[in-house]
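Throughout, my numbering is defined as the position within the sequence shown, counted from one, plus 2. A quick write-up on the structure given underneath.
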Amino acid sequence: MLTILFDGIAYGMLLFILALGLAVTMGLMNFINLAHGAFAMAGGYITVLLMQRLGVPFLLCLPAAFLGSALLGAVLERTLYRPLYHREHLDQVLFSIGLVFMAVASVDYFIGSTQQIMQLPEWLKGRTELGSDPWTLGMGHYRLFIIAVCAALAVVLQLILSRTRFGSRLRASVDDQRVAAGLGINVNIVFLSTFAFGCGLAGLGGALGAEVLGLDPNFPLKFMFYFLIVCAVGGTSSITGPLLAALLLGVADVAGKYYIPKMGAFIVYTLMIAILIWRPQGLFVRQGGKS
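Listed below in structure tokens is the structure:
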């Protein structure tokens with residue numbers, strides 16, 4: 003039981019980092035980017051290709067995945083996304099889904115459709131057992147690493163959004179772009195930085211999740227619904243909501259697949275429906291506003 007709980011928490015933290023960029027763009031920029039999983043896939047492939055073909059150490063591949071995905075996001079934001087900021091949400095959804103299928107086809111054509119294998123460093127392999135039956139806790143070293151990295155990122159991001167001048171400028175730009183621009187805030191730069199940072203987080207999540215979730219060209223399609231569930235259940239007005247939602251869904255998914263394997267993802271969707279019936283705007287909503 004404790005091992006299942008630990009694995010569920012690790013899976014939930016991974017979902018949190020993968021979905022966090024989408025929560026930021028939806029909640030703070032009011033833009034629905036369903037191509038978010040494509041940036042996660044880009045980070046995963048950057049990591050795998052650097053390790054397999056150039057022999058770059060795993061820890062150096064993680065910042066490379068973040069920077070590569072962030073750079074890709076910045077380029078696409080300036081060229082493709084920006085004209086859609088003031089369009090209807092349906093236009094944003096159709097556009098971003100089109101990007102997903104283009105990304106899937108491109109990766110399949112240039113790299114291939116086979117599942118990618120990532121060789122972890124020796125110090126991240128193995129497992130540590132604590133306690134004795136029936137309360138044995140088995141902690142995989144790599145999952146423990148994922149929990150530590152994702153928890154640190156959650157704290158840092160919360161501090162950036164709530165305690166820094168950039169966070170204040172971002173909130174002001176979202177609330178009223180004209181007033182923010184009149185106060186001397188470069189709204190375009192703020193949105194560009196936010197979008198690129200969200201894409202970088204997706205790429206980092208894809209790099210961390212390549213070994214756990216698997217990596218192939220269909221990655222954005224397979225996990226698109228999980229990203230949306232995290233944002234819908236947790237709300238997009240804070241960091242706490244997606245974090246709690248991801249942990250709940252991660253534990254429920256791992257426990258459901260272990261105890262009731264024939265049910266598959268049914269447990270996750272049932273939990274999502276129950277929470278949304280209870281709180282339609284998500285677990286955490288900005289007071290006086292919408293999620």
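For every residue, glycine included, the Cβ atom is placed at its ideal position computed from N, Cα and C.
Asked, Found
"Just to confirm the assignment, what range does the alpha helix (DSSP H) spanning Thr272 have?", "Phe268 to Trp280"
"Starting from Leu129, trace the beta strand (DSSP E) in both directions and tell me its first and last residue.", "For the record, residue 129 in the displayed sequence is Arg; it is not Leu. That run of the beta strand (DSSP E) goes Arg129 to Leu132."
"Give me the Cα-Cα distance between Val176 and Gly169, rounded to the nearest whole angstrom.", "11 Å"
"Please report how far the alpha carbon of Ile148 lies from the alpha carbon of Ser164, in whole angstroms.", "24 Å"
"Sort Ala37, Leu206 and Thr272 by Cα distance to Gly100 and report the nearest one.", "Ala37"
"In terms of alpha-carbon separation, which member of Arg84, Pro244 and Ala67 lies closest to Met43?", "Ala67"
"Determine the extent of the beta strand (DSSP E) in which Pro140 is found, giving its start and end residues.", "A small correction: the amino acid at residue 140 is Gly; Pro does not occupy that position in the sequence shown. First-last of the beta strand (DSSP E) with Gly140: Leu139 to Gly142."
"Determine the burial state of Arg171: buried for a count of at least 16 other Cβ atoms within 10 Å of its Cβ, exposed for fewer.", "buried"
"If you scan the segment 72–122 from start to end, which runs of the alpha helix (DSSP H) of 4 or more residues do you find wholly inside it?", "91–112"
"Could you compute how far the alpha carbon of Ala248 sits from the alpha carbon of Ala276?", "15 Å"
"Quick check: Gly14 and Leu215, are their CB atoms within less than 8 Å of each other?", "no"
"If I'm right that Leu74 touches Cys201 with Cβ under 8 Å, what's the distance once you round it to whole angstroms?", "7 Å"
"Determine the DSSP secondary structure at Ile241, reduced to helix, strand or coil.", "coil"
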